[in-house]
Amino acid sequence: MKRILSSVTDGKGFDIGLVALPLAFLFVMSGLPLVYNVVMSFQEVDMFSLGSFARPFVGFRNYVDLFSQPETRPILFNTALFVAASIAGQFAIGFGLALFFWTNFPGASWLRGLFLVSWVMPGLVVGAIWNWILSGDFGVLNFLLRETGVIDGNIFWRSDPNYSLWAVIIANIWLGTSFNMILLSVGLSGIPKDLYEAAELDGANALQRFWTITLPMMRSTIGAIIALGLIFTLQQFDLFAAITSGGPNNTSNVTQYWAWDLSFRQYDFAKGATISVIMIVFVMFASVVYVRSTRHEVRG
Amino acid sequence: MSEQFRNRLMLAVALVLAAIYLFPLYWMYITALKSGSAMFATPPKFWPSEPQWGIYGDVWQSRNMGRYLWNSLVIAFGAVALISVLGVGCAYVLARYRNVWVDIGLFLILMLQVLPASLMITPIFVGFSQFGLLDTPRFAVILAIAAKSMPFFVVLVRATFMSVPMELEEAALVDGNSRIGAFFNIVLPLARNGILVSAILIFMQAFGEFVYSKSMIQDIELQPASVGLNSFMGPNTNEWNNIMAYATIYVTPILAAFILLQRRIVSGLTSGALK
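Here the protein sequences line up with chains A and B, keeping their order. With the working numbering applied, the first sequence covers 1 to 300. With the working numbering applied, the second sequence covers 1001 to 1275.
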């Protein structure tokens, strides 16, 4: 007993205790729900069986039912479009801004940091602001687009099935751009300056330097950021709740909102669990890509 | 083109870019000050002619914001306290050793970091309701947020511990400190700033958390400000000035804290997330 006690205060037991408690907590709070999620996706869950663990086992019926629903295919397509457009927009604008601020002038780093306000704001507030900016008749975005002659009539961003998903994408690009920019700036500042000096002496112009030095040197950073972007866009829920609620008629619905909607609006917990399982597998795959591209950091 | 002129030009362009990017925030502040009719004027005014300063007090009263913000604070403080107590030690051990077990632990933690809350809420809700945790919904939300955010905290704080020289701790051990003594007297004070910044980041996230609170807290008395904002925004609302006033009251403290601590937050964030 004394040996154990002294090990805890003064030996390996100290380390093991420090790490075992949080890992046990994470196992109970994240690991078990993950398993439970898979179990529920193979069960029949309704309001009456919600309180018991022994529910009827239905095999793959939830999965079959899910894929035979007419809205499944459009929602999966929406998710793919949402992710691709958000990442493309965030990355392109973020990279442009990072390159601009990289030229280094007085005040650059402070102003660059200011962009991160979008990242610390609650998602619901960002959604509320964009909901108002994108409003059809009185939205300021429609006004600006009209004044600059881009559009003739008002676009009803939130209620027009052709635009509702894009309303959320615009808000999400705004939200994610700053994070992309900051991480890309970190990557850019890691490129040795003498590479550029050498290239300049050899007569390479700015575009050639970008293609032959900046992009190749940034390859692992870019890979990590794209994977992180995938992870973050698949986590995006608040903007959907605040701007379109997945409507009208599911035209702006994506899987991560749909899973919640199935469970908490339609009380179909089995279907919610089923779609969650499918998406979690997908997110796990993305995170393996992310971990691989930051492997040297993990190894220390 | 002189150096000074170039710098001024770049700064001017940067200010314009920042102004464009931060326009949504500006629009929130301006809309809150507009009267009901000025809000729907065409063309919209970009500067309020008759600012309605009384709106903040009205919205605070009518929406019962004190209660909502109090609940947000309880949830955020609870989550940060739980995460700090559990996460600091974990990050310390993961920073101090380099072997295959640490790699595995880090890998698991990074995997847990990516699980979307809106997908995890279904099993968490059903499981929590079976174990009776939903009778104390704010505590249930704190547990769920802690599980969601702790991996991120561990990754950030681990980066801080990596920068504390191991020799200092070894010297303390040679001087007769126990491991616990060395941890609390030497390592922890040296890593204090990094831990504080990470805790603030977690606090900001938990302060705006929505999915878990929306799903698990049915009692309006216990709901946080994010859920309150959501129920304020009905499908066909036209009270945008009031909603923006609500949003202003909600985010201004966060924004002020962010601007004060900006440098530290940005450097803390970048050191952990990617390097």
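We treat Cβ as the ideally placed atom computed from N, Cα and C, and that holds for glycine.
Under 9 Å, do residue i and residue j count as touching if we go by C-beta distance?
{"i": "A:T252", "j": "A:V168", "result": "In the sequence on display, residue 252 of chain A carries Ser and not Thr. Against a cut-off of 9 Å, the Cβ pair of A:V168 and A:S252 comes out as a contact."}
{"i": "B:E1221", "j": "B:R1098", "result": "no"}
{"i": "A:A171", "j": "A:W132", "result": "no"}
{"i": "A:D65", "j": "A:K271", "result": "yes"}
{"i": "A:A242", "j": "A:G123", "result": "yes"}
{"i": "B:L1022", "j": "A:L114", "result": "yes"}
{"i": "B:G1194", "j": "B:S1163", "result": "yes"}
{"i": "A:Y267", "j": "B:G1127", "result": "no"}
{"i": "B:P1116", "j": "A:Q256", "result": "yes"}
{"i": "B:V1197", "j": "B:L1261", "result": "yes"}
{"i": "B:M1010", "j": "A:T103", "result": "yes"}
{"i": "A:L195", "j": "A:M218", "result": "no"}
{"i": "A:L50", "j": "B:Q1205", "result": "no"}
{"i": "A:W110", "j": "B:S1118", "result": "no"}
Rounding to the nearest angstrom, what Cα-Cα distance links residue i and residue j in this structure?
{"i": "A:G13", "j": "B:A1144", "result": "28 Å"}
{"i": "B:Y1250", "j": "B:A1225", "result": "7 Å"}
{"i": "B:I1265", "j": "B:A1146", "result": "20 Å"}
{"i": "B:F1203", "j": "B:F1210", "result": "14 Å"}
{"i": "A:E297", "j": "A:G153", "result": "Because the pLDDT of A:E297 is 47, which lies under 50, any placement of that residue in the model is unreliable, and the number read from its coordinates should be weighed accordingly. Their Cα atoms are separated by approximately 51 Å."}
{"i": "A:L145", "j": "A:I155", "result": "10 Å"}
{"i": "B:L1190", "j": "A:G17", "result": "22 Å"}
{"i": "A:E200", "j": "A:A206", "result": "9 Å"}
{"i": "B:V1102", "j": "B:G1208", "result": "32 Å"}
{"i": "B:G1181", "j": "B:Q1113", "result": "31 Å"}
{"i": "B:F1161", "j": "B:L1106", "result": "15 Å"}
{"i": "B:V1088", "j": "B:R1096", "result": "12 Å"}
{"i": "B:N1241", "j": "B:Q1052", "result": "10 Å"}
{"i": "B:V1155", "j": "A:F82", "result": "28 Å"}
{"i": "B:V1157", "j": "B:A1079", "result": "16 Å"}
{"i": "A:A98", "j": "A:I182", "result": "7 Å"}
{"i": "B:R1138", "j": "B:I1217", "result": "7 Å"}
{"i": "A:E71", "j": "B:Q1004", "result": "59 Å"}
{"i": "B:L1274", "j": "B:A1014", "result": "Low confidence applies here, because B:L1274 scores a pLDDT of 46, under 50, leaving its location unreliable; read the following figure in that light. Distance between the alpha carbons of B:L1274 and B:A1014: 25 Å."}
{"i": "A:S185", "j": "B:G1054", "result": "42 Å"}
{"i": "A:N249", "j": "A:A227", "result": "30 Å"}
{"i": "B:M1233", "j": "B:L1269", "result": "32 Å"}
{"i": "A:F282", "j": "B:N1185", "result": "44 Å"}
{"i": "A:I75", "j": "A:R55", "result": "29 Å"}
{"i": "A:M29", "j": "B:P1123", "result": "10 Å"}
{"i": "A:G94", "j": "A:S189", "result": "15 Å"}
{"i": "B:F1258", "j": "A:S41", "result": "42 Å"}
Beta carbon of residue i: closer than 8 Å to some heavy atom of the ligand NAP?
{"i": "A:A88", "result": "The ligand NAP is not part of the structure shown, which contains no ligands of any sort."}
Going along chain A in order, which residues have a C-beta closer than 8 Å to the C-beta of residue i?
{"i": "B:F1210", "result": "P122, G123, L124, F237, D238 and A241"}
{"i": "B:Q1262", "result": "W110, G113, L114 and L116"}
{"i": "B:A1247", "result": "V125, A128 and I129"}
Quick check on the DSSP output: the alpha helix (DSSP H) that includes residue i runs from which residue to which?
{"i": "A:I225", "result": "R219 to Q235"}
{"i": "A:P74", "result": "T72 to W102"}
{"i": "A:W260", "result": "T255 to F264"}
{"i": "B:Q1130", "result": "A1117 to Q1130"}
{"i": "B:M1111", "result": "V1100 to Q1113"}
{"i": "A:P22", "result": "K12 to L26"}
{"i": "B:S1037", "result": "G1036 to M1039"}
{"i": "B:K1045", "result": "Here B:K1045 belongs to no alpha helix (DSSP H), and DSSP marks it neither H nor E."}
{"i": "A:V125", "result": "G123 to I133"}
{"i": "B:V1187", "result": "No alpha helix (DSSP H) contains B:V1187, which DSSP labels as neither H nor E."}
{"i": "A:W110", "result": "A108 to L114"}
{"i": "B:S1072", "result": "M1065 to R1096"}
{"i": "A:I172", "result": "It should be pointed out that residue 172 of chain A corresponds to Asn in this sequence rather than to Ile. Segment S164 to S189, the alpha helix (DSSP H) holding A:N172."}
{"i": "A:V313", "result": "Look at the range of chain A in this structure, 1 to 300, and you will see that residue 313 of chain A is not part of it."}
{"i": "B:R1008", "result": "E1003 to Y1021"}
Name, please, each residue of chain A whose Cβ falls closer than 9 Å to the Cβ of residue i.
{"i": "B:L1022", "result": "L114, F115, V117 and S118"}
{"i": "B:G1132", "result": "Near B:G1132 there are no residues of chain A at all, since even the closest Cβ is about 10 Å away, more than 9 Å."}
{"i": "B:S1215", "result": "W260, S263 and F264"}
{"i": "B:V1141", "result": "Ordered by position in chain A, no residue passes the 9 Å Cβ test against B:V1141, which lies about 12 Å from the chain."}
Residues of chain B with a CB under 9 Å from the CB of residue i: which are they?
{"i": "A:F95", "result": "The contacting residues do not exist; A:F95 stays about 14 Å from chain B at best."}
Checking the sheet assignment: what are the DSSP bridge partners for residue i?
{"i": "A:N43", "result": "First, the amino acid is wrong: residue 43 of chain A is Gln here, not Asn. Per DSSP, A:F57."}
By the criterion of Cβ-Cβ separation under 7 Å, what are the contact partners of residue i in chain A?
{"i": "B:M1010", "result": "T103 and F105"}
{"i": "B:V1093", "result": "D15, L18 and V19"}
{"i": "B:V1266", "result": "G113, L116 and I182"}
{"i": "B:P1043", "result": "F143"}
Just the chain B side, please: which residues come within less than 8 Å of residue i by C-beta, in chain order?
{"i": "A:A198", "result": "The contacting residues do not exist; A:A198 stays about 23 Å from chain B at best."}
{"i": "A:Q43", "result": "Neighbours of A:Q43 on chain B: none; closest Cβ ~10 Å, over 8 Å."}
Listing by chain order, which chain B residues have their CB less than 7 Å from the CB of residue i?
{"i": "A:P33", "result": "M1120, P1123, I1124 and G1127"}
{"i": "A:L26", "result": "L1112, A1147 and M1150"}
{"i": "A:A108", "result": "A1014"}
{"i": "A:I280", "result": "L1115 and L1119"}
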